[in-house]
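Enquirer:
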Amino acid sequence: MNAFGSVLRRDLLLATRRKSEVLTALFFFMIVVSLFPLGIGPESAILRRIAPGVLWVAALLAAMLSLNRLFAGDYQDGTLEQLALSPTPLALLVGGKILAHWLTSGLPLVVLAPVLGLQFDLPAEALGVMMLSLLLGTPLLSLIGAIGAALTLGVRGGGVLLSLLVLPLYIPTLIFGAGAVEAYTAGLGAGANLSLLGALLALAVFFAPWAATAALRIALE
Amino acid sequence: MLRAHGLACDRGDRRLFSGVDLRVQPGEWLQVEGANGAGKTSLLRILAGLSPAAEGRIEWNESAVCDARDEYHARLLYLGHGPAIKDDLSGLENLQASAAIAGHPLEEGTALAALRRIGLRGREELPTRVLSQGQKRRVALARLLCSQARLWILDEPFVALDVAAVDQLCGILDEHLSRGGLLIFTSHQPVRLAGQGGCLRLGQ
Chain Y
1 MNAFGSVLRR DLLLATRRKS EVLTALFFFM IVVSLFPLGI GPESAILRRI
51 APGVLWVAAL LAAMLSLNRL FAGDYQDGTL EQLALSPTPL ALLVGGKILA
101 HWLTSGLPLV VLAPVLGLQF DLPAEALGVM MLSLLLGTPL LSLIGAIGAA
151 LTLGVRGGGV LLSLLVLPLY IPTLIFGAGA VEAYTAGLGA GANLSLLGAL
201 LALAVFFAPW AATAALRIAL E
Chain F
1 MLRAHGLACD RGDRRLFSGV DLRVQPGEWL QVEGANGAGK TSLLRILAGL
51 SPAAEGRIEW NESAVCDARD EYHARLLYLG HGPAIKDDLS GLENLQASAA
101 IAGHPLEEGT ALAALRRIGL RGREELPTRV LSQGQKRRVA LARLLCSQAR
151 LWILDEPFVA LDVAAVDQLC GILDEHLSRG GLLIFTSHQP VRLAGQGGCL
201 RLGQ
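Heads up: the sequence lines are chains Y and F, in that order. In terms of my numbering, the first sequence opens at residue 1 and continues consecutively. In terms of my numbering, the second sequence opens at residue 1 and continues consecutively.
1. Buried or exposed: A164(F), going by 16 or more other Cβ atoms within 10 Å of its Cβ?
2. In three-state DSSP terms, what is V191(F)?
3. Can you name the start and end residues of the beta strand (DSSP E) that A8(F) belongs to?
4. Can you tell which of F29(Y), A91(Y), E182(Y), S195(Y) has the C-alpha that lies nearest to the C-alpha of A146(Y)?
5. Is it the case that the Cβ atoms of E28(F) and G195(F) are separated by a distance below 8 Å?
6. Decide if E81(Y) is buried, meaning its Cβ has at least 16 other Cβ atoms within 10 Å, or exposed.
7. Measuring alpha carbon to alpha carbon, tell me which of A63(Y), P37(Y), R9(Y) ends up nearest L143(Y).
8. If I'm right that L50(F) touches V24(F) with Cβ under 8 Å, what's the distance once you round it to whole angstroms?
9. What's the C-alpha gap between Q148(F) and R116(F)?
10. Under 9 Å Cβ-Cβ, which residues of chain F neighbour L14(Y)?
11. For chain Y, find out if any of its Cβ atoms is closer than 8 Å to the Cβ of L50(F); answer yes or no.
12. Could you work out which residues of chain Y lie near C82(F), taking near to mean beta carbons separated by less than 8 Å?
13. Could you work out which residues of chain F lie near L109(Y), taking near to mean beta carbons separated by less than 9 Å?
14. Just to confirm, is the Cβ distance from S6(Y) to A97(F) under 8 Å?
15. According to DSSP, simplified to helix, strand and coil, what is A186(Y)?
16. So with CB distances below 7 Å, who are the chain F contacts of V7(Y)?
17. Considering only residues of the segment 139-216 of chain Y, which uninterrupted alpha helix (DSSP H) runs meet the minimum length of 4 residues and lie entirely inside it, listed in chain order?
18. Indicate whether the contact test is met: 3 or more Cβ pairs, each with one atom in the segment 176-196 of chain Y and one in the segment 118-131 of chain Y, closer than 8 Å.
19. Return the residues of the segment 40-64 of chain F that lie within a Cβ-Cβ distance of less than 9 Å from chain Y, sorted by chain order.
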């Protein structure tokens with residue numbers, strides 16, 4: 001557990017030392033989301049209709065931006081070898097790295113989303129559902145993305161391959177996440193979608209670190 | 001005691017080496033030699049358990065390493081080509097993080113003392129980005145000073161070090177051997193160490 005904490009602390013410390021990487025994804029998210037109201041015009045009915053989809057797609061793309069650096073640095077400088085040789089199971093340490101990735105790339109999106117949602121004239125309760133769906137969904141993006149990042153480690157042109165590999169896997173998250181807000185505004189209640197997101201998250205928390213670990217071991221050979 | 005029988009390693013279709021037997025007892029060292037591309041690093045990675053051997057088996061204290069991986073890794077310190085140093089972290093932070101990952105968290109005082117002993121006095125808190133190659137190497141070697149591992153596997157530990165640092169490293173290795181530690185390393189230069197030891201030439 002100690003090693004888990006120290007991997008988490010080290011990655012967070014690294015993120016604070018390289019603020020630009022974290023801020024790039026955040027600004028990307030803000031700008032992409034803000035371009036839509038400007039491009040479509042001030043028709044609040046349309047904006048309210050497209051808001052969940054736009055916010056979610058932008059969140060997917062923003063989460064993708066930092067994914068290829070998740071393991072690449074550790075792979076190049078030999079840290080990954082040290083993680084693999086730790087008496088602590090590698091899957092746990094990989095879990096620490098994924099958690100750090102979510103805290104630096106996913107959580108800020110959750111916090112920013114309600115502010116950006118105001119541009120789409122979303123009512124306060126819908127913004128709350130939006131936040132909740134992102135809170136359940138963004139960790140899922142980091143977990144699934146970690147599998148892709150581990151699989152494409154050391155591959156030439158890995159960045160493009162990573163998007164091709166991971167974006168299709170993000171589709172269920174996108175459907176249930178955006179669907180939660182749409183269902184709520186349609187008066188159906190967001191419960192079903194949020195439960196499904198929660199179930200996906202529970203599954204991914206257990207299986208994604210193991211899958212990523214298996215891929216990392218292959219990359220290390 | 002570390003023992004290996006009939007190790008072989010393949011790179012693609014090519015066989016790098018085969019039939020490598022070795023035995024290292026407590027207090028003994030083994031220097032792996034060979035031309036570039038002879039498979040020194042591959043052998044060390046196999047011994048560390050990072051990559052699987054094409055053939056052969058490795059035993060640690062009479063039991064196969066693949067059956068007791070965690071126990072073996074708790075006793076092992078491996079220093080590879082990559083220094084496992086993060087440029088944006090200071091020497092102190094790097095040392096503490098790598099020690100915690102290896103399962104032996106370090107007090108700040110112990111880590112500082114190790115960095116000072118290895119010749120980084122006054123640079124403990126600087127980001128390693130601003131250090132020279134040799135100084136970065138020293139940050140990585142500071143791990144040796146804090147290590148409680150029995151078996152050290154070091155890949156080219158003398159690279160990028162100045163004469164004084166080479167002498168100091170030899171002293172550290174001697175200390176480890178006199179405590180009954182085991183040491184396997186690669187180097188292109190002849191190294192004089194105390195205690196029993198031998199050379200293994202690959203590619204012959």
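A virtual CB, placed ideally from N, CA and C, is assigned to each residue, including glycine.
Expert: On the basis of the data shown:
1. Translated into positions along the second sequence, residue 164(F) becomes position 164. By the neighbour-count rule (16 or more Cβ atoms within 10 Å), A164(F) is not buried but exposed.
2. Working through the second sequence from its first residue, we reach residue 191(F) at position 191. In this structure, V191(F) counts as coil in the three-state DSSP scheme.
3. Residue mapping note: residue 8(F) aligns to position 8 of the second sequence, counting from 1. Its beta strand (DSSP E) spans residues 2-11.
4. Indexing the first sequence from 1 puts residue 146(Y) at position 146. Of the listed residues, the one whose Cα sits closest to A146(Y) is A91(Y).
5. Mapped onto the second sequence, residue 28(F) falls at position 28. Mapped onto the second sequence, residue 195(F) falls at position 195. Cβ atoms of E28(F) and G195(F): closer than 8 Å.
6. Counting from one through the first sequence, the residue named residue 81(Y) turns up at place 81. Counting Cβ neighbours within 10 Å, E81(Y) comes out buried, since at least 16 surround it.
7. In the first sequence, residue 143(Y) corresponds to position 143, counting from 1. Per the Cα distances, A63(Y).
8. On the second sequence, position 50 is the one that residue 50(F) refers to. On the second sequence, position 24 is the one that residue 24(F) refers to. About 18 Å separates the CB atoms of L50(F) and V24(F); that is not less than 8 Å, and the two are not in contact.
9. Sequence index remark: in the second sequence, residue 148(F) carries index 148 (1-based). Sequence index remark: in the second sequence, residue 116(F) carries index 116 (1-based). Distance between the alpha carbons of Q148(F) and R116(F) is about 19 Å.
10. As a first step, residue 14(Y) is located in the first sequence; it is residue number 14 there, counting from the start. Within chain F, the C-beta atoms nearer than 9 Å to that of L14(Y) come from K86, D88, L89, in chain order.
11. As a position in the second sequence, residue 50(F) is number 50, starting the count at 1. Closer than 8 Å: yes.
12. Indexing the second sequence from 1 puts residue 82(F) at position 82. Correcting the residue type first, residue 82(F) is Gly in the shown sequence and not Cys. In chain order: Q76, D77, G78, T79, E81.
13. Numbered from 1 along the first sequence, position 109 holds the residue referred to as residue 109(Y). Ordered by position in chain F, no residue passes the 9 Å Cβ test against L109(Y), which lies about 23 Å from the chain.
14. The count along the first sequence starts at 1 and reaches residue 6(Y) at position 6. The count along the second sequence starts at 1 and reaches residue 97(F) at position 97. Pairing S6(Y) with A97(F) gives a Cβ-Cβ distance under 8 Å.
15. Position 186 of the first sequence, counting from 1, holds the residue named residue 186(Y). For A186(Y), the three-state secondary structure derived from DSSP is coil.
16. Here residue 7(Y) refers to the residue found at position 7 of the first sequence. Within 7 Å Cβ-Cβ: I101.
17. Within the segment 139-216 of chain Y, the complete alpha helix (DSSP H) runs of at least 4 residues are 158-185.
18. These segments touch.
19. Under the 9 Å Cβ criterion, the segment 40-64 of chain F contributes R45, A48, G49, L50, S51, P52.
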